Ligand SMILES: Cc1cc2nc3c(=O)[nH]c(=O)nc-3n(C[C@H](O)[C@H](O)[C@H](O)COP(=O)(O)OP(=O)(O)OC[C@H]3O[C@@H](n4cnc5c(N)ncnc54)[C@H](O)[C@@H]3O)c2cc1C
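Residue numbers (the working numbering): 10 to 250.
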């Protein structure tokens, strides 16, 4: 195997990696891709962590230089990898919707807004209310998809829609929390904090502090798992027709 994969989340800790590798140039581009399981300790695999805007190394570049992989590590049939990957991706996209986290973060947003006094601002409260309505609507949609799946219907075509709405919601609550916290939203820098540079935290809660880094980190959600623009194309083709 030869090639490069950028943005491999937490790949620096991985022992194994699933790769979609081109094994044939015949037919449509989607065919001729195979699903391989590769041992990260194989000769020729190099992992280079990427430092992101929030200061963390959450993603990596992985390089493959003449990596030899045993034939038994082929998953399913040769050249059918994209079919398997599409199925897994639809589960990943449903998972990205992350309604439970949205509900938890919504409550956290309300706590910060109350502690900082902006909850009394009717325009700010409107934004929280709109967000809450969208979170409830997303939850209903996810439950409908799960119940359809349970009764054997394939409703995972809608996964792209869940991903779009879920990721937009994640960006909205991280932005509202940062707005509510104002200067307290500065990234948590422990050394600076110990030196007395950062002062107090909203509501006196330490965990409220790194809101700006969360805001920056959440920029990824409309890109990863398939960008939202591409998901809109898929929704248009498969659901709207
Ligand atoms: C933080 C992060 C973590 C990630 N983790 C992983 C991981 O663990 N494993 C993994 O395999 N991948 C991972 N990815 C990769 C991720 O899935 C891709 O970055 C994503 O699917 C977008 O693909 P791309 O980067 O090739 O962008 P491109 O496809 O080059 O897109 C660039 C821009 O063009 C737009 N665009 C492209 N095609 C169209 C079109 N047809 N119509 C309209 N607009 C279009 C896109 O919306 C985007 O704005 C991660 C990415 C990020 C940012």
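Using N, Cα and C, we set each Cβ at its ideal position, and we do this for glycine too.
Note that the structure is predicted; figures quoted are calculated from it, not measured.
Setting aside the 5 residues that flank it on each side, residue 87 is surrounded in the same chain by 32 and 43, each with a C-beta closer than 7 Å to its C-beta; the list follows chain order. Straight across, the Cα-Cα distance linking residue 132 with residue 148 is about 25 Å. Non-local beta-carbon contacts of residue 79 in its own chain, meaning distances under 7 Å to residues more than five positions away in sequence, are absent. Your pair residue 98 and residue 235 checks out as a contact, with CB atoms roughly 7 Å apart and the cut at 8 Å.
Nearest Cα to residue 47 within the set 94, 84, 19 and 143: 84.
Judged by the Cβ position, residue 222 fails to qualify as a neighbour of ligand 1 at the 6 Å threshold, every heavy atom of the ligand being at least this far. Residue 181 is classed as buried because its beta carbon has at least 16 other beta carbons within 10 Å across all chains shown. Judged by pairs of C-beta atoms under 8 Å, the region 48–56 touches the region 12–26, as three or more such pairs exist. With respect to the 7 Å criterion, residue 137 and residue 189 are not classified as neighbours on the basis of their beta carbons. The alpha carbon of residue 23 has as its nearest neighbour, out of 71, 34, 65 and 60, the alpha carbon of 71.
Judged by beta-carbon spacing, residue 30 lies beyond the 7 Å limit of residue 51, meaning their Cβ atoms are not closer than that value. Straight-line spacing of the CA atoms in residue 158 and residue 185 works out to 34 Å. Here residue 111 has 144 and 178 as same chain residues with Cβ atoms under 6 Å from its own Cβ, once five neighbours each way along the sequence are excluded. Relative to ligand 1, the beta carbon of residue 238 is positioned inside 6 Å of a heavy atom.
A Cβ-Cβ distance of about 15 Å is found for the pair residue 109 and residue 176, leaving them out of contact under the 8 Å criterion.
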